[in-house]
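Taken in order, these protein sequences are the chains called A and B. Heads up: the first sequence runs through residues 1 to 225, numbered per the UniProt record's numbering. Heads up: the second sequence runs through residues 1 to 267, numbered per the UniProt record's numbering. The beta carbon of each residue, even a glycine, is placed where N, CA and C say it ideally should be. Values in this document were obtained by computation on a predicted structure and should not be read as measured data.
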Amino acid sequence: MKKNQNVTIKGTKDGLTLHLDDSCSYGELKKELDRKLSENSRSDEDRLLSVRVQVGNRYLTKEQQEELKELIRQKKNLIVESISSNVITKEEAEKQKEENEVVSVAKVIRSGQVLETAGDLLLIGDVNPGGTVMAGGNIFIMGALKGIAHAGCHGNNEAVVVASLMKPSQIRISNFINRAPDNDQDEEKREMECAYIDENDQITVDRLQVLMHLRPNITRLQGGS
Amino acid sequence: MGEAIVITSGKGGVGKTTTSANVGTALALQGKRVCLVDTDIGLRNLDVVMGLENRIIYDLVDVVEGRCKIHQAVVKDKRFEDLLYLLPAAQTSDKTAVTPEQMKKLVDELKQDYDYIVIDCPAGIEQGYKNAVAGADKAIVVTTPEVSAVRDADRIIGLLEKEENVEAPKLIINRIRSHMMKNGDMLDVDEITAHLSIDLIGIVADDDEVIKASNHGEPIALNPNSKASVSYRNIARRILGEAVPLQPLEEESKGVFSKLKKFFGVK
């Protein structure tokens, strides 16, 4: 009686996947989903089952996503693990791009100044005492860091701070804070160093060469040798 | 058309007013027509340092509010033949009596009559600072070799860099005590210049004579025998575009030759 099914359920070894067709209207889809889920009753089972939802080339707003999650949850002992779609809005794409790009800035960040970027920051210059640099991602400073650097400021524990001269008054990564020791009279050079969160949730400062093992994701180069 | 230079520092007590008085005097000694403008409304000092306090009739606020003409308010320095003038600040009002727009208009008007307008800026980064910077073309930041003064200088340089009408600021390091610098008890000149990353336009040694001269209302720049005076005169020459090397800091050496040797020798 009907051409294609708009809703198909597939079981894989990772669990259930709901494929929702992207050519019908949202209303239709909801109706069919409702019907489909009522048909194969699983009410005898009380174990919760997680399900992944694939919506193809359909864009779902936040509200629609919530609505579908609600609908699926109500019908069965199903929990929506994720909703994945092939499309995102321009806004989201731009945000993603911002978060993934390295913004380079040639400036001296002086006392009282704050520089903030969404993604990684490459600062060609110094951060003077009283100055602050913040980034959603990593911070790379080609000059001296004497002020405050806050990497992964939206809660990214993997973020790192790298500086040619590491003499910060404070380093913050995600929501961890570390400050310079009060008796900072050591005549150590503190050149070419990086700061990261170690396995004990402590901000650690080390030679920057250790990053290659600790944070391989920093390498963006594909292929090569 | 003249040029307006604002002398600023952020921190108080580092020698803005002394520097303004002496740089202005030194420029006049070079034959330039100079007008000193005191923008520290409510806490004016420049007139005292210049020894012109008792000749003030009108002040900056009177000019801005139209109670008198500029030429009525400026006080002529009798030590010079029609070269050095002072526009004093008002002592009775406060910084909010003038707006940056009014200051800009005033300075633009002064630029028609003088070669250099030297603007003495009050401490702080509020209204008074904004007024002082509004009409300026160039800026000189004064600091002392102390961490707190350098910190405030850094802040003020950051603010000055945002001003579109002001050229990249130049630095004066004031009150240098050479023995402390040599022992490493004070930040040294190279350290400060590297930290602030702006051009140095002069260094001035800490000299009791400067305080003495200020108290007598006689800028030290007028006394050719003082070391600080030479420093200020050199700064004026550098403002005029001459390339003048920095003087050596050590006092003990007597002869010119040994001074030179020290300067070029091992640090």
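- Taking 8 Å as the cut-off, the Cβ atoms of Leu-29(B) and Ala-221(B) count as close.
- Classified as buried, Val-133(B) has 16 or more neighbouring CB atoms from the shown chains inside 10 Å of its CB.
- The Cβ-Cβ distance between Ala-236(B) and Ala-26(B) falls below 8 Å.
- About 4 Å separates the beta carbon of Leu-145(A) from that of Ala-163(A), a gap short enough to meet the 8 Å contact definition.
- Residue state for Leu-221(A) is assigned as coil, using DSSP reduced to three classes.
- Considering only beta carbons, the part of the region 92-111 of chain A lying closer than 7 Å to chain B consists of Val-108, Arg-110, Ser-111, in chain order.
- For Gly-137(A), the closest Cβ of chain B is not nearer than 8 Å.
- Residues of the UniProt domain "AAA" (3-162) of chain B whose Cβ lies closer than 7 Å to any Cβ of chain A, in chain order: Arg-151, Asp-154, Arg-155, Ile-157, Gly-158.
- Non-local C-beta neighbours of Leu-160(B) in its own chain, meaning closer than 6 Å and more than five positions away in sequence, comprise Ala-139, Val-166, Pro-169, ordered along the chain.
- Across the structure, Arg-33(B) and Ile-156(B) are spaced so that their CA atoms are roughly 28 Å apart.
- Residue environment for Gln-202(A): exposed (fewer than 16 other C-beta atoms within 10 angstroms of its C-beta).
- Taking CB atoms only, Pro-181(A) has no neighbour in chain B less than 8 Å away.
- Excluding five sequence positions before and after Glu-116(A), the CB atoms of its chain that fall closer than 6 Å to its own CB belong to Met-134, given in chain order.
- Residue contact with chain A for Ser-197(B): present (Cβ-Cβ distance below 8 Å to some residue of chain A).
- Counting the other Cβ atoms within 10 Å of the Cβ of Cys-68(B) gives fewer than 16, which makes it exposed.
- Listed in chain order, the non-local C-beta contacts of Pro-219(B) below 6 Å within the same chain comprise Ala-21, Asn-22, Thr-25, local neighbours out to five positions each way being set aside.
- In the three-state reduction of the DSSP assignment, Val-118(B) falls in the strand class, which pools E and B.
- With respect to the 8 Å criterion, Ile-197(A) and Asn-157(A) are classified as neighbours on the basis of their beta carbons.
- A direct Cα-to-Cα measurement between Leu-171(B) and Val-189(B) gives close to 11 Å.
- Gly-130(A) belongs to the set of residues whose beta carbon lies under 8 Å from a beta carbon in chain B.
- Within the model, the alpha-carbon separation for Arg-151(B) versus Glu-99(A) is close to 33 Å.
- Cβ-Cβ distances below 6 Å link Asp-38(B) to Arg-44, Leu-46, Pro-88, Ala-89, Asp-120 in the same chain, with the five nearest sequence neighbours on each side left out; the list follows chain order.
- Counting along the chain, the unbroken alpha helix (DSSP H) around Ser-229(B) starts and ends at 227-239.
- In the displayed model, Val-147(B) falls within a helix according to three-state DSSP.
- In this model, Ile-173(A) and Cys-153(A) are separated by some 7 Å (Cα to Cα).
- For Met-181(B), the secondary structure class from DSSP, reduced to helix, strand or coil, is helix.
- Asn-225(B) sits away from Ala-213(B), with the two beta carbons spaced by 8 Å or more.
- By the Cβ criterion, the region 100-115 of chain B is in contact with the region 53-64 of chain B, since at least three pairs of Cβ atoms, one from each stretch, lie closer than 8 Å.
- Under the rule that a run must span 4 or more residues, the alpha helix (DSSP H) segments found entirely inside the UniProt domain "AAA" (3-162) of chain B read 16-29, 46-50, 60-64, 70-73, 100-113, 127-134, 147-162.
- Here the alpha carbon of Val-210(B) sits roughly 7 Å from the alpha carbon of Ala-228(B).
- The region 205-217 of chain A and the region 179-189 of chain B do not touch, with fewer than 3 CB-CB distances between them shorter than 8 Å.
- Annotation: Ala-149(A) to Val-74(B) spans about 49 Å, alpha carbon to alpha carbon.
- Among the bridge pairs identified by DSSP, Asn-178(A) is matched with Ile-171(A).
- A residue is called buried once 16 or more other Cβ atoms fall within 10 Å of its Cβ, and Glu-66(A), having fewer, is exposed.
- Nearest to Lys-130(B) by alpha-carbon distance, out of Leu-83(B), Asp-115(B), Gly-10(B), Asp-154(B), is Gly-10(B).
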